Amino acid sequence: KYLIETNPVLTELKQFMSSDYLLAGLGYDPEVSAKRLGDGLYEQRLVQQAVVARTGQAFIDGQTSNEAQFKYLMNNAIASKQQLNLAVGVSLSSQQVAALTHDIVWLEEHEVNGEMVLVPVLYLAQADGRLGPTGALIAGNDVSLIAGQNLDNVGTLRATNNLSAVAGNNLVNTGLIEAGNRLDLLAGNDLINKAGGIIAGRDVTLTAIRGDVINERTVTSHQSAADDATWRKDFADSAARIEAANDMSLQAGRDVKNTGGVLQAGRDLSIAAGRDVAIDSAQTENGQTRGVNSSNSS
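Using the numbering used here, the first residue of the sequence shown is number 98, and each one after it goes up by one.
Dropping the structure here:
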């Protein structure tokens with residue numbers, strides 16, 4: 098039933114909620130469904146790590162425990178299945194992610210150590226007016242932000258017309274930055290969009306004066322051990338996106354790097370780098386070490 102089972106010492110005193118709850122809610126018999134990556138405690142830890150990696154906080158939407166949060170996300174998935182035509186084992190399309198109104202956990206099929214297993218994957222809704230983990234929502238007709246050092250956005254910056262943001266050092270986005278007209282971001286050092294961050298406008302200009310412009314799909318690693326075996330499983334977040342309805346310009350004093358992210362322009366896309374331009378896929382690695390032997394797959 099499970100590829101990885103938690104140490105029984107940790108689970109014998111409590112029955113941890115698992116993806117059995119999600120499968121049953123979707124009308125499947127958990128006892129005859131495909132093998133899962135891990136048991137309930139393992140799944141809860143995996144989801145909690147994904148929440149921290151994506152939001153910078155342990156819990157979302159007022160949840161106060163790993164189990165309550167896991168159940169909340171699974172209930173949202175059950176409620177969303179029919180409307181979004183979700184299929185167990187299949188990753189959500191970009192259109193399905195865009196249509197999410199609530200955060201969900203979905204079971205997707207991945208190969209681990211030569212076996213196909215169902216893995217719980219976190220999807221965050223990019224709904225209008227969503228607050229970031231600090232409760233941060235900045236919106237207006239024209240929005241202008243200036244930071245002497247670093248500017249870190251984990252919430253929502255939205256302008257009906259023009260939006261500009263300037264950081265003396267690094268500008269990092271893991272939330273939503275959106276403008277109805279012009280969107281200009283300027284960083285003295287690095288300008289980074291990651292962990293499912295979205296930067297979108299009619300005309301978009303991103304400039305890193307001395308450093309890099311980076312648009313990356315964040316990969317989170319999870320390791321577990323049992324007896325003499327150690328497992329490693331990598332999970333890729335939703336792709337970071339930079340989108341322009343018309344023209345897009347990316348300028349960097351050093352490198353422009355797009356690693357598993359989305360760059361999309363309705364008209365012209367211009368990239369200028371002082372050194373290199375790198376367009377790569379995000380790599381994930383799955384491996385098992387047992388004694389002195391090891392096996393890996395990417």
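Glycine included, C-beta positions come from ideal geometry on N, C-alpha and C.
Computed from a predicted structure; not experimentally measured.
With H, G and I counted as helix, E and B as strand and the rest as coil, what does DSSP make of residue i?
i	result
L283	strand
M213	strand
G245	coil
V185	coil
I296	strand
D225	Model confidence at D225 stands at a pLDDT of 43, short of 50, so the residue's coordinates are unreliable; what they give is reported in the following sentence. Coil, per DSSP.
Y118	helix
T257	coil
V353	strand
Taking just the CA atoms, how far does residue j sit from residue i?
i	j	result
V187	G371	41 Å
N355	Q112	43 Å
L189	L183	7 Å
G293	V194	11 Å
R227	I295	Residue confidence is low: R227 scores 44 on pLDDT, short of 50, so the model does not pin down where it sits. Its coordinate-derived value is still stated next. Looking at the two C-alpha atoms, the distance is approximately 13 Å.
D365	I339	13 Å
N304	T271	Reading the sequence as shown, one finds Thr at residue 304 and not Asn. Computed Cα separation, rounded: 17 Å.
N247	N286	9 Å
L268	D249	6 Å
Any idea if residue i is buried or exposed, counting beta-carbon neighbours within 10 angstroms, 16 or more meaning buried?
i	result
Q141	buried
Q166	buried
T161	exposed
G232	Only weak support exists for where G232 lies, its pLDDT of 47 falling under 50; the coordinates are left without a value.
A349	buried
V202	buried
S177	buried
S335	buried
S241	exposed
Please list, in chain order, all residues of the same chain as residue i whose beta carbon is under 8 Å from its beta carbon, the five residues on each side excluded.
i	result
E164	F113, M114 and Q141
E313	I289, N290, K291, A337, K354, N355, T356, G357, G358 and A379
Excluding five sequence neighbours on each side, which residues of the same chain lie with their C-beta closer than 6 Å to the C-beta of residue i?
i	result
T257	N238 and G277
D281	S261 and T302
Under DSSP, the beta strand (DSSP E) around residue i begins and ends at which residues?
i	result
D377	V374 to D377
G135	R133 to G135
What residue range does the alpha helix (DSSP H) around residue i cover?
i	result
L273	L273 -> not in any alpha helix (DSSP H); beta strand (DSSP E) instead, spanning L273 to A276.
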